[in-house]
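Some notes on the structure that comes next.
Protein chains: 2
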Amino acid sequence: MNTRAPVLAFDADDTLWHNETIFEDVHERYRQMLSQYHDAATVDRTLFATEMRNLELYGYGVKGFTLSALETAIELTGGKISTAEIRQLIALGRDMLAHPVVLLAGVAETLAALAPTHRLLVITKGDLRDQERKIAKSGLADFFSHTEIVSDKSEAAYAAILRRHAIAAPGFVMVGNSLKSDILPVLALGGTGVHIPYHLNWEHERADPPTTAQGRFFTVETIRDLPDLLAGLGAHR
Amino acid sequence: MNTRAPVLAFDADDTLWHNETIFEDVHERYRQMLSQYHDAATVDRTLFATEMRNLELYGYGVKGFTLSALETAIELTGGKISTAEIRQLIALGRDMLAHPVVLLAGVAETLAALAPTHRLLVITKGDLRDQERKIAKSGLADFFSHTEIVSDKSEAAYAAILRRHAIAAPGFVMVGNSLKSDILPVLALGGTGVHIPYHLNWEHERADPPTTAQGRFFTVETIRDLPDLLAGLGAHR
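These protein sequences, in sequence, are chains F and G.
Okay, so the first sequence: first residue is 1 according to this note's numbering, each after it adds one.
Okay, so the second sequence: first residue is 1001 according to this note's numbering, each after it adds one.
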């Protein structure tokens, strides 16, 4: 392994495998369930407000989402939602947790190409067990030297990970689909961020792209572009 | 710091602070809510069966408990539970997450006494954010060099922690209230287990005490007995 090569850390949901598509599918069923009471925009807005109100207590992940969806459904129907529908919502949450892991195009071969020359990490947030299960199911676990599951991707959380693994920020590249969670905190620490946008983006993860951090912030269309980008980075050092 | 001193790892819930008392209080309100439908034993048995069925998907912690309690309440009432009561159950779950952290007697002074001469860890399972919040609220965080929040306290999980921190099993002492989660897997790896029984014990955590592991398994009444026990261990080396 080239010890000069940067350590590469990957976000998981919507970077390595599809996730927001599963949420979007559940959102659509949820809107239908409540459509006799409210229009889709009201349902979406109220659910998002509940999620944000509960975020501090629940954290990220499917279980907190399910509890917030139940709470919102009772609120939006004035308590008229049936227990059969509540049961359906609980089952929908379980289905999300049991959902197969579908890798994004190019992920397996790109990781296989990078692993011999780079130390690879996963840094993800959400329910501990759910993220562990997805990594295990993904078939990618062996590519990674460590998996870090954090409750929030704050600058402090990244700083703690860099410290724990004795990684210097200039030698650290974070790859992910969320500007807010994967890129901005890493740039703030002096690391490099590679943004790979996903076609869906949860409202909470939206952020403006960085205006500074020249030479440390890149956007690529697919993970397949990563090896060339890294080769270019190395050439400029 | 005495580098010959063993590394001491502490379970959190019901070892450092009260937890099962909070669950027991919620169980009691839950039984009352369902008492017009079923006797307490049926409620307890059915809820426990739901929790065990969902454990693989939900993992440990308050959010999974709340979802299982909702599912069981709908089942046990044949769907007759009101949405107002469902709302109450969701609020009870949130109250559990927001509950103040109440330390067990002797915890703060014992950790303060041990910290100058021992490396101290926390190893706990459950919801990531909930456990992080409790550690932050406990006022104990500064005593610990690391906090490990795992989805299950299996032998493999302990082995990974020992590897990560470069701790040899013979120099590792785990302190906790659960024979099943805190003691047996650590003994199996060659470490030492100190059992401090709590007056309540979730059915899932019950296990028989180990019959072998002489000289590596101890039971004490309170965490206050730990320094003397450790001094005795050192004297026999």
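The beta carbon of each residue, even a glycine, is placed where N, CA and C say it ideally should be.
Residue i burial status per 10 Å Cβ neighbour count (16 or more: buried)
| i | result |
| --- | --- |
| Pro1185/G | buried |
| Gly1234/G | exposed |
| Lys153/F | buried |
| Met1052/G | exposed |
| Gly64/F | buried |
| Val1102/G | exposed |
| Glu1028/G | exposed |
| Ser1145/G | exposed |
| Lys80/F | exposed |
| Thr1083/G | buried |
| Arg216/F | buried |
| Arg1129/G | buried |
| Arg4/F | exposed |
Sequence-distant residues of its chain with Cβ nearer than 7 Å to residue i (five each side left out)
| i | result |
| --- | --- |
| His1038/G | Leu1076 |
| Glu1155/G | Pro1185, Ala1188, Leu1189 |
| Arg224/F | Gly106, Thr110 |
| Val995/G | A query on residue 995/G cannot be resolved here, the shown segment of chain G reaching from 1001 to 1237 and no further. |
| Pro209/F | Leu179 |
| Gln1131/G | Ala1012, Thr1124, Ile1149 |
| Ala41/F | none |
| Ala207/F | Leu179, Lys180, Leu184 |
| Trp17/F | Val101, Val102, Leu103, Leu104, Lys134, Ser138 |
| Glu205/F | Ser178, Lys180, Ser181 |
CB of residue i within 7 Å of CB of residue j, strictly
| i | j | result |
| --- | --- | --- |
| Leu1097/G | Val1150/G | no |
| Gly93/F | Thr66/F | yes |
| Gly1190/G | Ala1169/G | yes |
| Leu1229/G | Phe1218/G | yes |
| Leu179/F | Ala213/F | no |
| Glu1020/G | Asp1011/G | no |
| Tyr1158/G | Asn1177/G | no |
| Ile1183/G | Val1220/G | no |
| Glu56/F | Leu200/F | no |
| Phe143/F | Ala113/F | no |
| Gly1171/G | Pro1006/G | yes |
Residue i - containing beta strand (DSSP E), residue span
| i | result |
| --- | --- |
| Ile149/F | 146-150 |
| Thr1124/G | 1120-1125 |
| Gly1176/G | 1172-1176 |
| Ala1009/G | 1007-1010 |
| His195/F | 192-195 |
| Phe1218/G | 1217-1219 |
Proximal residues to residue i (C-beta, below 6 Å), its chain only, five neighbours per side dropped
| i | result |
| --- | --- |
| Glu148/F | Ile123, Ile161 |
| Val43/F | Arg31, Leu34 |
| Gly1126/G | Tyr1060, Gly1061 |
| Leu1008/G | His1118, Leu1120, Val1173 |
| Lys137/F | Val101 |
| Ala49/F | none |
| Ile135/F | Ala141, Thr147 |
| Thr222/F | Gly106 |
| Gly78/F | none |
| Val251/F | In the structure as shown, chain F begins at 1 and stops at 237. Residue 251/F is therefore absent and cannot be evaluated. |
Residue i - containing alpha helix (DSSP H), residue span
| i | result |
| --- | --- |
| Phe48/F | 40-58 |
| Val186/F | 184-188 |
| Phe23/F | 20-33 |
| Thr110/F | 107-114 |
| Ala73/F | 62-76 |
| Leu92/F | 83-98 |
| Glu1132/G | 1128-1138 |
| Ile1161/G | 1155-1164 |
Contacting residues, own chain, Cβ-Cβ under 8 Å from residue i (five flanking each side not counted)
| i | result |
| --- | --- |
| Glu1085/G | Met1033, Ala1073 |
| Leu1089/G | Tyr1030, Met1033, Thr1066, Ala1069, Leu1070, Ala1073 |
| Met1/F | For Met1/F, the predicted structure reports a pLDDT of 48, less than 50, and the residue's modelled location is therefore unreliable. A value from the coordinates is still provided. So the qualifying residues of the chain are Pro116, Thr117, His118, Arg119. |
| Trp1202/G | Glu1020, Phe1023 |
| His99/F | Ile22 |
Residue-level contact to chain A via CB, residue i, 7 Å cutoff
| i | result |
| --- | --- |
| Leu16/F | Annotation note: the requested chain A is absent from the structure, which comprises protein chains F and G. |
- Query: Along the region 206-224 of chain F, what residues have a CB closer than 8 Å to any CB found in chain G?
  - Reply: Against chain G - using a Cβ distance shorter than 8 Å - the region 206-224 of chain F contributes no residues.
- Item | Interfacial residues, the region 49-68 of chain F to chain G, with Cβ spacing under 7 Å | Within the region 49-68 of chain F, the residues whose Cβ lies closer than 7 Å to some Cβ of chain G are Leu57, Tyr58, Gly59, Lys63, Gly64, Thr66, Leu67, listed in chain order.
- Item | Near-chain G residues of the region 148-171 of chain F - C-beta to any C-beta below 9 Å | Residues of the region 148-171 of chain F whose Cβ lies closer than 9 Å to any Cβ of chain G, in chain order: Ile149, Val150, Ser151, Asp152, Arg164.
- According to a CB-to-CB cut-off of less than 9 Å, which residues of the region 104-129 of chain F neighbour chain G? Residues Lys125, Gly126, Asp127, Leu128, Arg129.
- Message: Closer than 7 Å between beta carbons: that is the criterion. Which residues of the region 1018-1033 of chain G meet it against chain F?
- Response: So the list is empty, because no residue satisfies the distance condition.
- Message: Beta carbons nearer than 8 Å to chain G: which residues of the region 88-100 of chain F have them?
- Response: For chain G, the residues of the region 88-100 of chain F that bring a beta carbon within less than 8 Å of one of its beta carbons are Ile90, Gly93, Arg94, Leu97, Ala98, in chain order.
- chain F contacts made by the region 1132-1146 of chain G, where a contact means CB separation under 9 Å: With the criterion set as a beta carbon lying under 9 Å from some beta carbon of chain F, the members of the region 1132-1146 of chain G are Glu1132, Arg1133, His1146, in sequence order.
- Task: May I ask you to list, following chain order, the residues of the region 66-85 of chain F that have a beta carbon less than 7 Å from some beta carbon of chain G?
- Result: Listed by position, the residues of the region 66-85 of chain F near chain G (Cβ gap below 7 Å) are Thr66, Leu67, Leu70, Glu71, Ile74, Gly79, Ile81, Thr83, Ala84.
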